[in-house]
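Participant: Residue numbers (the working numbering): 394 to 785. Quick reminder that beta carbons are idealized off the backbone N, C-alpha and C, glycines included. Can you keep this structure in mind? I'll have questions shortly.
Written out as structure tokens, the structure reads:
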């Protein structure tokens, strides 16, 4: 089948992902820099390209609430950014509690400004949602398609966010390969209702409701079940990533992390999103100069790939973790803290350094990343580097 390419902005790539996934319900409310996602979808639905209900809401909380109801019966989608995601916070807990495989695109926008950082999604990291990150527009489209298959897997049945940086991706044009609809249909099966609807299914419905509301059932069980499903998602994400590669010829590491030029290295930088994409150029230049440093790009933040970092610790003597976020009152960023936790039981732990970078859209240049890598290489040689946590 002939390949089809189009130069498009990241937001259009997200809209194409929803279209190719054959979503049947879109709840929409505009917020910069997400707005054009739902605008593209509105045009596609109006033109008859998508057979879906499109409902404009009065705010993001209602977007989430209506999508909760819709996803009990049809494949549903919504999108937001920054403060809009914060406004959704309450019903997001309900979506995961109800084990609904709703997929939501988040275009990163700072909670303290218009430009991107990852504080919007990080503020929702304990709502029970899975969270995937993209580096470029092609990855946004591909991740969007994979997200539905991951979320809807019976071993998972959890809502999922796939995210990309605002402006840098959302409004920047680049060539994107658009998969054929027939191939996506073969890859992504039709939506299966996560809840029973008809009288003959009443017994199953009663069992589900009993688990949620029965005072004699352990009230912690809902969280225990969510945790089990989220940990199951690690296997499912790897499987879906591998299957996607068979169908479309593209994959993103093993689905959890991408190890870029990590053969025979002493140190690695760790990053997510567009910073990871820029870091690849820095790694290319440094390896040409004989520097033994690679890159680990985190694809899945939730579930967090603890086992992958434990394995990477077997060859990396130091890790320079770049956080486009901050956990106020804690020593280090959120990703840094997760990695330290993951490596607690490793016999020989690598040196860890943390760089806060890119907050509120602050530019992160190749030169900045090379400096971070040089500092990480010093730590790999056993040199004492200070400070351990740096505002880059």
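Can you give me the start and stop residues for the alpha helix (DSSP H) that residue 540 sits inside?
Facilitator: Residues 530 to 545.
Participant: So residue 472 and residue 448 are in contact, right, with Cβ under 8 Å, and what is the actual spacing, rounded?
Facilitator: Not really, about 13 Å apart at Cβ, beyond 8 Å.
Participant: Tell me which residues share the same chain as residue 701 and place their Cβ nearer than 6 Å to its Cβ, disregarding the 5 neighbours each side in the sequence.
Facilitator: Within the same chain, residue 701 has close Cβ partners 649 and 650.
Participant: In three-state DSSP terms, what is residue 659?
Facilitator: Coil.
Participant: One question on the structure: do residue 496 and residue 556 come within less than 8 Å of each other, judged by their Cβ atoms?
Facilitator: No, Cβ-Cβ distance for residue 496 and residue 556 is not below 8 Å.
Participant: So, helix, strand or coil for residue 561, using DSSP?
Facilitator: Three-state result, residue 561: coil.
Participant: Taking the alpha helix (DSSP H) that residue 436 falls in, what are its first and last residues?
Facilitator: Taken as a continuous stretch (DSSP letters only), the alpha helix (DSSP H) holding residue 436 covers 428 to 439.
Participant: Compute the Euclidean distance between the alpha carbons of residue 522 and residue 543, then round it to the nearest angstrom.
Facilitator: Taking the straight line from one Cα to the other gives about 12 Å.
Participant: Does residue 726 pass the burial test, meaning 16 or more other C-beta atoms within 10 Å, or should it be called exposed?
Facilitator: The residue is buried, with at least 16 neighbouring Cβ atoms inside 10 Å.
Participant: Does the distance from the C-beta atom of residue 569 to that of residue 399 stay below 8 Å?
Facilitator: Yes. Within cutoff.
Participant: Ignore the nearest five residues each way along the sequence and tell me which others in residue 753's own chain have a CB closer than 7 Å to its CB.
Facilitator: Taken in chain order, the residues that qualify are 503, 505, 506, 508 and 510.
Participant: Got a sec, what are the start and stop residues for the beta strand (DSSP E) residue 409 sits in?
Facilitator: Note, residue 409: premise wrong, no beta strand (DSSP E); alpha helix (DSSP H) at 403 to 413.
Participant: With 16 other CB atoms within 10 Å as the buried threshold, where does residue 519 fall?
Facilitator: Under this definition residue 519 is an exposed residue.
Participant: In the DSSP assignment, what residue or residues form a beta bridge with residue 713?
Facilitator: 662 and 746, per the DSSP bridge assignment.
Participant: Rank 683, 734, 619 and 681 by C-alpha distance to the C-alpha of residue 787 and give the top, closest one.
Facilitator: Summary: the structure shown does not reach residue 787, with the chain confined to residues 394 through 785, and so no result is reported for it.
Participant: Which residues in the same chain have their Cβ closer than 6 Å to the Cβ of residue 397, if we skip the five residues on either side of it in sequence?
Facilitator: For residue 397, where only same-chain residues beyond five positions count, the Cβ hits under 6 Å are 571.
Participant: Would you decide whether residue 739 is buried or exposed? Buried here means 16 or more other CB atoms lie within 10 Å of its CB.
Facilitator: Per the 10 Å Cβ criterion, exposed.
Participant: Are there 16 or more other CB atoms within 10 angstroms of the CB of residue 679, so buried, or fewer, so exposed?
Facilitator: Buried: at least 16 other Cβ atoms inside 10 Å.
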